[in-house]
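Written out below as structure tokens is the structure these notes cover.
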Amino acid sequence: MTVEFLLIFFVSVLFVWGMKHYSPRIGLVDIPNIRSSHNDVIPRGGGVGFTMAVWLLLPFICFSVVTEYFWTFIAIFLVLIVGFLDDHRDTSPNTKFIVIILATILIYFDNIVIDDIGVFFGWHLQLGWLALPFTALAVVGFTNALNLIDGLDGLAAGISIVIFTSLFSVGYMHDDTFITCISLAFIAALSAFLLFNWNPASIFMGDSGSLVLGFVIAVLSVKALAYIPAVSILFLAAIPNMDVMIILVRRKMHGHSAFAADKCHFHHILHQFFSNNTKKTVFFLIVLQVIYSMTGLQLDKNIDEGYLLVLFILNTVMLYLILSTMIKRQKRDC
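Residue numbering for the sequence shown follows this note's numbering, starting at 20 and increasing by one per position.
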């Protein structure tokens, strides 16, 4: 099995290298703007490279998984297409929203759905007819959360590798081939991508990468709910989850649009704190995600999840207060 995933690594290297040289020819480039952390025109589309490496090779490595979860693999390809189109000519947020909703409906056909989120303060929350809408909301929410942290070289890929590693351990402990195969495949493919994306990056993943990663992690997380508490998922992917929650609260408190672009994300604030040192910022966030992921893996499914949710909220509030202090010192308009 190790050899097969090494093959994904090397094919991902080849595909990402190909996109690095081909993307500029079709105008698939990232032009610096006020929110950019780079000053040069950089090729986009690295996500096409590493996703296609997984999508094309996984049927030969985990054939039973692909056949059993056929619609899920179609859904991943659908998200890849809309991400690629957005990288190429900026599709509307509504278009991306609709496509991710359609992709969520496709995974429902493979019985990947949130129908039970556990016991909260003595109440057993079974969703019934709300299962599909709730799943769609969760998948869309996390897909966009992962997309929002793709703002520094190596950040989204590094955080995703940590999350996939956590999910792999869940799948491995419970003998879930679907979770283990897909997690390992993306760990291999993203490790290859990081050779090109670590600071200073020579290619970005673009929405073709960040949307796919967010969607796939969301899908695996839904599947993992059979084995771990729902709140564990919040910890396993704490950095993107906390970042989007804090951003939405701050924008609401200041009367800004929830969809307004700014430089007030976790990584923007820390980047300035570390004197604009990208490597230090990304390394710090990856280590922090490792700590939260390890915490999430230790949570007991038999504990009332209401108390676990309080623990997560307290962590988020603490982070919010720390970031608010840093924003004031940096005199940011957030």
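All residues carry an ideal CB built from backbone N, CA and C; glycine is no exception.
- Approximately 16 Å separates the beta-carbon atoms of residue 219 and residue 169; this is outside 8 Å, ruling out the contact.
- By the CB criterion at 7 Å, residue 193 and residue 246 fall inside the cutoff.
- By the C-beta density criterion, residue 297 is buried, having at least 16 other C-beta atoms within 10 angstroms.
- Residue range 135-139 is occupied by the beta strand (DSSP E) that includes residue 138, with no alpha helix (DSSP H) assigned at that position.
- With respect to residue 99, residue 231 sits close: the two C-beta atoms are nearer than 7 Å.
- Pairing residue 65 with residue 205 gives a Cβ-Cβ distance that is not under 7 Å.
- In the three-state DSSP reduction, residue 132 falls in the coil class, being neither helix nor strand.
- In this model, residue 148 and residue 142 are separated by some 18 Å (Cα to Cα).
- Sorting 184, 131, 94 and 225 by C-alpha distance to the C-alpha of residue 121 places 94 at the top.
- At a Cβ-Cβ threshold of 7 Å, residue 208 and residue 322 do not count as neighbours.
- Excluding its 5 nearest sequence neighbours in each direction, residue 345 has C-beta neighbours in its own chain below 7 Å: 288 and 292, listed in chain order.
- The shortest C-alpha to C-alpha distance from residue 86 to any of 197, 132, 39 and 110 is the one to 197.
- Closest by C-alpha distance to residue 331, out of 302, 250 and 283, is 250.
- Positions of the alpha helix (DSSP H) runs, each at least 4 residues long and wholly inside the segment 236-268, are given as 249-255 in order along the chain.
- Counting the other Cβ atoms within 10 Å of the Cβ of residue 284 gives 16 or more, which makes it buried.
- Here residue 114 is exposed, its C-beta having fewer than 16 other C-beta atoms within 10 Å.
- By the Cβ-count criterion, residue 145 is exposed, with fewer than 16 other Cβ atoms from all chains shown falling within 10 Å of its own Cβ.
- In this structure, the straight-line span from the alpha carbon of residue 139 to that of residue 328 is close to 9 Å.
- Assignment of residue 49 by DSSP, reduced to helix, strand and coil, places it in the strand class.
- Contact between residue 185 and residue 312 holds, since their C-beta atoms are separated by about 4 Å, short of 8 Å.
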